[in-house]
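K.L.:
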Amino acid sequence: MFKKTWKILGFFSIPIMSAVFLMHLMATPAFSVALSALGEKGRITLDEIKQILKTTRDLSKKNLSDMNLSNLELSSVNFWDANLSLANLSKANLSKANLSEAWLFAANLTEANLSEANLTEARLSDSNLKGANLRKVNLKDAQVDSNLSFANLTEANLTDAVLNMANMYQTILNKANLSGAMLNSANLREADLREANLTDAELDYANLRRAKLNGAKLTGANLNGVILVGADLSGADLSNVDLSGSRLNGAKLNGADLNGADVEGADFTGADLTNVKNLDKVKNRDKAKGLK
134 MFKKTWKILG FFSIPIMSAV FLMHLMATPA FSVALSALGE KGRITLDEIK QILKTTRDLS
194 KKNLSDMNLS NLELSSVNFW DANLSLANLS KANLSKANLS EAWLFAANLT EANLSEANLT
254 EARLSDSNLK GANLRKVNLK DAQVDSNLSF ANLTEANLTD AVLNMANMYQ TILNKANLSG
314 AMLNSANLRE ADLREANLTD AELDYANLRR AKLNGAKLTG ANLNGVILVG ADLSGADLSN
374 VDLSGSRLNG AKLNGADLNG ADVEGADFTG ADLTNVKNLD KVKNRDKAKG LK
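Residues are numbered in the numbering used here as their position in the sequence shown, beginning at 1, plus a constant of 133.
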């Protein structure tokens, strides 16, 4: 759903200034609905929340916007379609909570525990998830153009998620499923993507400097203009990947599979190409730099 919204908006000029990005976001129907929801849904009190937590633990469709819920025990609570925009959920325990289709615009989730939570189609634009525990979380089709630096998303499901321009500096994405995800212009510097599934993902102009991609599957992914300087792609599957104009200076590609990869304008200067598979089958090899 979110991928279609971004494409309708014509959001292809990447990278752009954050101010322009905010203007695009505010122009989306989803953002307008979120703002109107703040006035339409009556905000419940913290005492009412605590009473519900003692009984049904069902806060679906509730307006919890701009509330301080930090450090609360909220595991397995049902937040389906709840409005948590601008809410403070820092260090809250939301493990196994149902946050599918929840509104979390600009929410504070720093160091929150969201392990095994369901965030399918959740809206997390401009939220802060720095250092959050998101192990095995389900973010399928979610909009997560947020701060995910230092967060742990080991074995997370991010299939078809929108993460354009997200800050994922030193984020742990070991064995995560990012197939079909949109990560255009995302900051993935020093991120851990070992054995991650990035099949058909869009990473145009993303920054993957010194990222760990050992054994990652990137079949059919778009990596046009990507920075992979010093990245470790040992044993990675790069078959049919678009690496046009990418920078792979000093990258480790030993044992990687480049079958059918398009390397036009790519720079492999100083890269470790030991035992690279199907090097003779790459496209536009003669137009790449440092590729023998």
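Idealized CB from N, CA, C, for every residue including glycine.
1. DSSP three-state call for Gln-276: helix, strand or coil?
2. Near Arg-448, what residues of its chain come up, given a Cβ to Cβ distance below 8 angstroms and the 5 sequence neighbours on each side ignored?
3. Ala-225 and Ala-250: beta carbons closer than 8 angstroms?
4. DSSP has Asn-392 in a bridge; who is on the other side?
5. What residue range does the alpha helix (DSSP H) around Asp-180 cover?
6. Please name the residue in Leu-371, Trp-236, Asp-180 and Gln-276 whose C-alpha comes closest to that of Asn-347.
7. Relative to the C-alpha of Asp-325, which candidate in Thr-407, Gln-303, Leu-257 and Ser-377 has its C-alpha closest?
8. In chain order, which continuous runs of the beta strand (DSSP E) of length 3 or greater are located wholly inside the stretch 362-411?
9. Three-state secondary structure (DSSP) at Arg-418?
10. Near Ser-367, which residues of its chain fall below 6 angstroms by C-beta distance, leaving aside the five closest residues on each side in sequence?
11. Count the other CB atoms, across all protein chains shown, that sit within 10 Å of the CB of Leu-168; report buried if there are 16 or more and exposed otherwise.
12. If you drop the 5 nearest sequence neighbours on each side, which residues of the same chain put their C-beta closer than 7 angstroms to that of Met-301?
13. Quick one: is Lys-420 buried, meaning 16 or more other Cβ sit within 10 Å of its Cβ, or exposed?
14. By how many angstroms is the C-alpha of Thr-287 removed from the C-alpha of Leu-202?
15. Drop a sphere of 10 angstroms on the beta-carbon of Gly-358, count the other beta-carbons inside from all chains shown, and report buried for 16 or more, exposed for fewer.
P.N.:
Looking at the coordinates:
1. strand
2. Residue 448 falls outside the range modelled here, since the chain spans only 134 to 425, and no answer is possible.
3. no
4. DSSP lists no partner for Asn-392.
5. 179-187
6. Leu-371
7. Gln-303
8. none
9. helix
10. Asn-347, Lys-385, Asn-387 and Gly-388
11. Note on Leu-168: pLDDT 47, under 50, position unreliable in the model; no value is reported.
12. Leu-281, Ser-282, Ala-319, Asn-320, Leu-321 and Ala-324
13. exposed
14. 25 angstroms
15. buried
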